[in-house]
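4 protein chains.
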Amino acid sequence: MTTIAFIGLGIMGLPMARNLARAGHSVTGVVRSDAAAERADREGVATVRSAADAAAGADVVITMLPDTPDVEAVVDAILPALRGSALVIDMSTIDAGATRAIAARVAAVGGRYVDAPVSGGEAGAIDAALSIMVGGADADVAEARPLFEAMGRTIVHVGPVGAGQVVKAANQLIVAGNIQLVAEAIVLLRAQGADLPAALEVIGGGLAGSTVLERKRDAMLAHRFDPGFRLQLHAKDLGIVERAASSKGLALPLTAAVTQLVRALVARGDGGLDHSALLKLAEELNGTPTSGGHSA
Amino acid sequence: MTTIAFIGLGIMGLPMARNLARAGHSVTGVVRSDAAAERADREGVATVRSAADAAAGADVVITMLPDTPDVEAVVDAILPALRGSALVIDMSTIDAGATRAIAARVAAVGGRYVDAPVSGGEAGAIDAALSIMVGGADADVAEARPLFEAMGRTIVHVGPVGAGQVVKAANQLIVAGNIQLVAEAIVLLRAQGADLPAALEVIGGGLAGSTVLERKRDAMLAHRFDPGFRLQLHAKDLGIVERAASSKGLALPLTAAVTQLVRALVARGDGGLDHSALLKLAEELNGTPTSGGHSA
Amino acid sequence: MTTIAFIGLGIMGLPMARNLARAGHSVTGVVRSDAAAERADREGVATVRSAADAAAGADVVITMLPDTPDVEAVVDAILPALRGSALVIDMSTIDAGATRAIAARVAAVGGRYVDAPVSGGEAGAIDAALSIMVGGADADVAEARPLFEAMGRTIVHVGPVGAGQVVKAANQLIVAGNIQLVAEAIVLLRAQGADLPAALEVIGGGLAGSTVLERKRDAMLAHRFDPGFRLQLHAKDLGIVERAASSKGLALPLTAAVTQLVRALVARGDGGLDHSALLKLAEELNGTPTSGGHSA
Amino acid sequence: MTTIAFIGLGIMGLPMARNLARAGHSVTGVVRSDAAAERADREGVATVRSAADAAAGADVVITMLPDTPDVEAVVDAILPALRGSALVIDMSTIDAGATRAIAARVAAVGGRYVDAPVSGGEAGAIDAALSIMVGGADADVAEARPLFEAMGRTIVHVGPVGAGQVVKAANQLIVAGNIQLVAEAIVLLRAQGADLPAALEVIGGGLAGSTVLERKRDAMLAHRFDPGFRLQLHAKDLGIVERAASSKGLALPLTAAVTQLVRALVARGDGGLDHSALLKLAEELNGTPTSGGHSA
Numbered sequence: 009m010t011t012i013a014f015i016g017l018g019i020m021g022l023p024m025a026r027n028l029a030r031a032g033h034s035v036t037g038v039v040r041s042d043a044a045a046e047r048a049d050r051e052g053v054a055t056v057r058s059a060a061d062a063a064a065g066a067d068v069v070i071t072m073l074p075d076t077p078d079v080e081a082v083v084d085a086i087l088p089a090l091r092g093s094a095l096v097i098d099m100s101t102i103d104a105g106a107t108r109a110i111a112a113r114v115a116a117v118g119g120r121y122v123d124a125p126v127s128g129g130e131a132g133a134i135d136a137a138l139s140i141m142v143g144g145a146d147a148d149v150a151e152a153r154p155l156f157e158a159m160g161r162t163i164v165h166v167g168p169v170g171a172g173q174v175v176k177a178a179n180q181l182i183v184a185g186n187i188q189l190v191a192e193a194i195v196l197l198r199a200q201g202a203d204l205p206a207a208l209e210v211i212g213g214g215l216a217g218s219t220v221l222e223r224k225r226d227a228m229l230a231h232r233f234d235p236g237f238r239l240q241l242h243a244k245d246l247g248i249v250e251r252a253a254s255s256k257g258l259a260l261p262l263t264a265a266v267t268q269l270v271r272a273l274v275a276r277g278d279g280g281l282d283h284s285a286l287l288k289l290a291e292e293l294n295g296t297p298t299s300g301g302h303s304a
Numbered sequence: 009m010t011t012i013a014f015i016g017l018g019i020m021g022l023p024m025a026r027n028l029a030r031a032g033h034s035v036t037g038v039v040r041s042d043a044a045a046e047r048a049d050r051e052g053v054a055t056v057r058s059a060a061d062a063a064a065g066a067d068v069v070i071t072m073l074p075d076t077p078d079v080e081a082v083v084d085a086i087l088p089a090l091r092g093s094a095l096v097i098d099m100s101t102i103d104a105g106a107t108r109a110i111a112a113r114v115a116a117v118g119g120r121y122v123d124a125p126v127s128g129g130e131a132g133a134i135d136a137a138l139s140i141m142v143g144g145a146d147a148d149v150a151e152a153r154p155l156f157e158a159m160g161r162t163i164v165h166v167g168p169v170g171a172g173q174v175v176k177a178a179n180q181l182i183v184a185g186n187i188q189l190v191a192e193a194i195v196l197l198r199a200q201g202a203d204l205p206a207a208l209e210v211i212g213g214g215l216a217g218s219t220v221l222e223r224k225r226d227a228m229l230a231h232r233f234d235p236g237f238r239l240q241l242h243a244k245d246l247g248i249v250e251r252a253a254s255s256k257g258l259a260l261p262l263t264a265a266v267t268q269l270v271r272a273l274v275a276r277g278d279g280g281l282d283h284s285a286l287l288k289l290a291e292e293l294n295g296t297p298t299s300g301g302h303s304a
Numbered sequence: 009m010t011t012i013a014f015i016g017l018g019i020m021g022l023p024m025a026r027n028l029a030r031a032g033h034s035v036t037g038v039v040r041s042d043a044a045a046e047r048a049d050r051e052g053v054a055t056v057r058s059a060a061d062a063a064a065g066a067d068v069v070i071t072m073l074p075d076t077p078d079v080e081a082v083v084d085a086i087l088p089a090l091r092g093s094a095l096v097i098d099m100s101t102i103d104a105g106a107t108r109a110i111a112a113r114v115a116a117v118g119g120r121y122v123d124a125p126v127s128g129g130e131a132g133a134i135d136a137a138l139s140i141m142v143g144g145a146d147a148d149v150a151e152a153r154p155l156f157e158a159m160g161r162t163i164v165h166v167g168p169v170g171a172g173q174v175v176k177a178a179n180q181l182i183v184a185g186n187i188q189l190v191a192e193a194i195v196l197l198r199a200q201g202a203d204l205p206a207a208l209e210v211i212g213g214g215l216a217g218s219t220v221l222e223r224k225r226d227a228m229l230a231h232r233f234d235p236g237f238r239l240q241l242h243a244k245d246l247g248i249v250e251r252a253a254s255s256k257g258l259a260l261p262l263t264a265a266v267t268q269l270v271r272a273l274v275a276r277g278d279g280g281l282d283h284s285a286l287l288k289l290a291e292e293l294n295g296t297p298t299s300g301g302h303s304a
Numbered sequence: 009m010t011t012i013a014f015i016g017l018g019i020m021g022l023p024m025a026r027n028l029a030r031a032g033h034s035v036t037g038v039v040r041s042d043a044a045a046e047r048a049d050r051e052g053v054a055t056v057r058s059a060a061d062a063a064a065g066a067d068v069v070i071t072m073l074p075d076t077p078d079v080e081a082v083v084d085a086i087l088p089a090l091r092g093s094a095l096v097i098d099m100s101t102i103d104a105g106a107t108r109a110i111a112a113r114v115a116a117v118g119g120r121y122v123d124a125p126v127s128g129g130e131a132g133a134i135d136a137a138l139s140i141m142v143g144g145a146d147a148d149v150a151e152a153r154p155l156f157e158a159m160g161r162t163i164v165h166v167g168p169v170g171a172g173q174v175v176k177a178a179n180q181l182i183v184a185g186n187i188q189l190v191a192e193a194i195v196l197l198r199a200q201g202a203d204l205p206a207a208l209e210v211i212g213g214g215l216a217g218s219t220v221l222e223r224k225r226d227a228m229l230a231h232r233f234d235p236g237f238r239l240q241l242h243a244k245d246l247g248i249v250e251r252a253a254s255s256k257g258l259a260l261p262l263t264a265a266v267t268q269l270v271r272a273l274v275a276r277g278d279g280g281l282d283h284s285a286l287l288k289l290a291e292e293l294n295g296t297p298t299s300g301g302h303s304a
């Protein structure tokens with residue numbers, strides 16, 4: 009049994025904390041309201057009102073927060089309270105460069121740090137079926153592994169601190185690009201008069217097949233863009249990709265191109281839609297505005 | 009039993025013709041040399057020396073040729089010899105617009121036309137495991153289906169004449185884009201110090217997964233770019249995509265971007281490499297020339 | 009004095025034919041209506057009702073037509089009537105490859121061919137101030153030069169037959185790209201709170217200066233997108249660029265990117281606006297729909 | 009007469025400081041060596057060994073430094089020494105967001121801040137002919153104007169603090185894009201057999217004309233890529249553009265595309281060449297490696 013402070017009991021975080029509690033760990037979350045405390049309590053997660061209080065007694069601090077500044081703020085807040093060699097595990101999707109800087113601040117007070125962003129979404133969090141991309145020292149990752157196994161199905165150690173975020177970033181650039189390519193294919197197929205469902209079926213069976221095509225095809229053809237994974241989150245993630253590339257002076261032409269398209273959708277007010285709504289922009293750019301809920 | 013003229017006994021065409029012969033059809037190919045005639049004979053394929061001769065006695069004429077002008081030339085050559093209502097099936101990957109024009113010329117002499125480009129490569133041709141994307145009238149496609157079933161595993165009727173080529177084009181834009189996205193991910197992961205095989209494994213297990221990642225990953229990491237599917241053929245196919253998009257005034261930004269990269273590889277002399285060599289250009293653009301045969 | 013058949017008495021063609029007539033040449037145009045004949049007559053241009061009739065008696069045939077198929081059709085129509093060594097001068101903006109094929113057809117009947125597309129627009133046509141990019145044999149270009157001097161101010165011989173069209177294509181890719189870059193700069197400047205007129209003034213004075221910035225800036229800031237040069241014509245010209253690049257297997261990444269944007273505007277119904285309306289799409293992609301006639 | 013601390017006596021800074029001294033101001037620079045002190049002395053610029061010492065007695069502190077962290081470090085170093093209402097003028101090209109943060113730190117100790125990046129290069133610095141893009145409060149800009157007039161020819165107040173950097177960023181995106189478009193035009197013209205000098209002459213005379221074409225054409229055709237303005241500096245500036253766009257969630261497709269190309273050149277080891285060497289990459293992507301010093 010590990011004593012865990014879990015900071016970030018959101019849509020993803022709460023079921024993850026619950027799965028840790030169910031696995032027999034002592035889990036304390038941080039809440040701001042009685043209602044949130046009750047929700048956590050129902051899931052077997054104890055609560056306090058400040059991150060520092062949660063961290064004070066913990067062997068392991070897990071953060072699951074929206075963006076880089078949130079993790080920076082929480083880590084700064086808990087540093088004074090951190091037990092000597094406590095292990096901080098950040099499961100948020102944030103900047104790889106900032107991750108290394110935060111890890112250095114943790115190391116400066118004797119702590120250890122692992123970055124472990126996830127994929128699999130809310131369903132994966134609930135079902136303990138997340139994929140977890142882990143960056144950190146071998147010993148620290150080994151220590152964290154049982155906790156990851158309570159939350160996920162695929163746990164892969166992908167390199168030193170920061171590498172987890174880098175792999176998540178690479179994952180997100182492929183996902184965005186794949187969706188856009190399917191969207192462009194749909195635009196071409198429709199304009200040229202092909203039978204869309206039949207066409208996507210045969211395409212999906214060959215070298216052009218992808219998980220995106222498999223999982224998103226029907227919703228895209230039906231123009232059902234309820235999330236799922238919101239474009240505004242994907243835009244944030246592509247910002248992480250952009251900085252990871254830029255900091256190494258990398259030229260990534262397709263990544264840069266699809267990043268602009270995701271940003272355009274967010275700027276136009278579609279940030280709350282599922283990322284498969286890249287099709288919506290692709291259609292609008294080609295003069296065929298998407299009407300909600302109607303099939304192609 | 010159908011009497012078939014099979015024009016184009018190349019790497020793909022010869023095993024396809026053989027599979028038709030094995031299925032009990034009478035297949036006559038066209039060759040220019042005794043050696044080619046002997047090779048065909050060993051596969052159960054009779055031969056003559058001109059396309060018109062082959063077509064003269066055939067119920068069905070199948071073409072499997074490199075590019076649009078080849079199909080145009082052959083169809084022009086056989087038109088005078090074509091039996092009244094013969095069915096011409098073009099299984100080459102060629103222009104959708106040209107396909108419709110060729111079909112009109114066939115119709116003008118009373119013939120019928122189906123376009124049926126394939127994917128699955130040489131192995132798919134040998135194993136009768138091709139995916140076949142079929143455009144044409146219902147009755148014609150129904151008539152051709154038993155022949156397709158002798159050559160392929162997945163046969164999908166995707167629309168009227170030309171639709172087969174359109175679907176193949178859409179397939180090829182997705183494949184090229186997916187390879188390039190994996191290449192960009194590899195460049196990012198390596199520059200940022202991630203463990204490449206571990207990273208690609210976890211990426212492949214989630215929404216970023218694709219057949220490209222599954223089939224091409226190891227060869228890409230090992231820089232083994234022997235074909236497979238040559239970049240110069242993929243460049244040709246992206247030219248077909250370009251014209252299919254342009255003829256409808258479509259804006260396909262990622263497709264256009266990856267098309268330039270494929271062309272650059274061909275222009276630089278790498279057209280004979282497998283299309284996974286998009287990684288080679290991605291690496292050279294980032295100052296890390298690929299050394300043949302060595303792993304990352 | 010040269011006897012000239014002038015085919016294509018449109019917005020550009022009529023003032024060009026008039027300037028030839030004013031320079032003392034005998035100019036016969038082709039019209040389809042009495043009204044058009046009267047308009048031409050007022051400008052000193054005689055008329056007949058068929059291109060073949062006009063060409064029959066001419067030393068020089070000039071074509072000024074919308075697109076490639078128009079020129080092909082007219083040349084095919086006049087070939088039987090063409091005097092032995094007549095000079096055909098195409099001043100339309102059409103395909104470079106098609107130009108070479110048309111020139112070969114003219115040469116096959118003993119004629120000579122020069123391609124001489126223009127820039128400078130309607131005002132340039134009226135004021136005999138066009139820039140003329142001339143492709144052809146030295147002797148033919150020398151023979152045509154006095155005619156060009158009656159219509160234009162800058163006449164440059166840029167290579168063999170087809171080269172005029174290639175240079176016009178290169179011109180059009182630069183113009184489209186320059187407009188888009190100014191549009192992106194405006195989007196950035198506005199979002200970041202800079203004083204737009206002041207910013208564009210200082211930018212225009214340095215290495216970022218361009219004729220586009222000088223001539224289009226005020227209209228762009230005021231969102232006045234009345235043509236000028238229509239996006240649908242620019243889309244046609246970028247199709248010419250695309251084929252000229254594609255036929256040589258060239259990778260032109262910025263050209264390809266801006267081509268998609270021009271097409272998107274046309275697909276969305278803005279093809280009748282001036283090409284400076286690339287700003288309109290740039291703004292819409294960034295969530296700031298352009299309201300007609302209002303300043304930034 | 010104003011007492012000025014000038015921090016950053018480099019290739020640009022030293023002649024700028026000299027021009028201020030010649031205009032009658034008391035200028036003290038910061039040097040690390042006796043040799044640098046002597047060079048400054050010969051130009052009428054006094055020197056001390058620390059930025060804080062220089063700032064202590066100054067009404068105005070001018071910084072002319074390579075990049076954002078340099079300006080941040082210097083401003084942090086001088087803050088304790090800064091006279092109550094001293095005016096800090098940063099003439100470096102740095103981040104717009106960081107500029108606003110630095111200005112806030114200066115304001116917190118009672119100081120005032122103006123950002124005033126320049127264009128015009130070493131020659132402009134020597135000849136007091138710089139273009140200066142100024143962001144700041146009206147009163148502060150008015151106070152700084154006489155100093156700017158000693159260093160530049162075009163001084164434009166483009167908005168509040170940070171706006172100067174934003175305008176410089178917009179300038180740099182247009183310049184990079186314009187160079188790339190000329191490079192792509194050259195590749196197309198050469199592949200299609202046009203007479204390059206004649207073609208660029210006629211192109212430059214119309215709507216495609218630009219200062220880039222005028223100033224860079226001959227060097228590009230001769231493949232003379234000695235700087236001038238180094239690609240590595242342009243890559244840095246495009247990083248500033250990227251962050252300025254990203255921080256506002258902007259979609260700038262051509263800007264993003266050309267940024268990748270500039271980075272590729274730097275990654276390949278060409279960062280020390282003039283930015284017109286975008287042509288070098290354009291040619292290499294098209295299989296025609298540039299040989300140094302030879303004409304096209």
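Residue numbers (this note's numbering), protein chains in the order written: chain V, 9 to 304; chain A, 9 to 304; chain R, 9 to 304; chain S, 9 to 304. Glycine included, each C-beta is placed from N, C-alpha and C at the ideal position. The structure displayed is predicted, hence computed values, not measured ones.
For a quick check, are the C-beta atoms of residue i and residue j less than 9 angstroms apart?
i	j	result
V:GLU175	A:ALA202	Reading the sequence as shown, one finds Val at residue 175 of chain V and not Glu. Contact flag set, yes.
A:ILE15	A:VAL82	yes
A:LEU269	V:PRO261	yes
R:VAL249	R:ALA178	yes
R:ALA136	R:GLY172	no
S:MET20	S:VAL126	yes
A:SER35	A:VAL53	According to the sequence provided, residue 35 of chain A is Val. The question's Ser does not apply to it. In this structure, A:VAL53 lies closer than 9 angstroms to A:VAL35 by Cβ.
Under 9 angstroms between beta-carbons, which chain V residues line up against residue i? List them in chain order, please.
i	result
R:GLY277	GLY295
S:ALA177	Chain V residues near S:ALA177: none, gap ~14 angstroms exceeds 9 angstroms.
By how many angstroms is the C-alpha of residue j removed from the C-alpha of residue i?
i	j	result
R:LEU287	V:THR267	20 angstroms
A:GLY65	A:VAL56	12 angstroms
V:ASP49	V:VAL96	23 angstroms
R:MET159	A:ALA60	54 angstroms
A:SER303	A:ALA230	Confidence is the limiting factor: at A:SER303 the pLDDT is only 36, short of 50, which leaves the residue's position unreliable, though a coordinate-based value still follows. C-alpha separation (whole angstroms): 4 angstroms.
Where do the N-terminal and C-terminal ends of the beta strand (DSSP E) with residue i fall, by residue?
i	result
S:PHE14	11–15
Return the first residue and the last residue of the alpha helix (DSSP H) that residue i is part of.
i	result
S:ILE86	76–86
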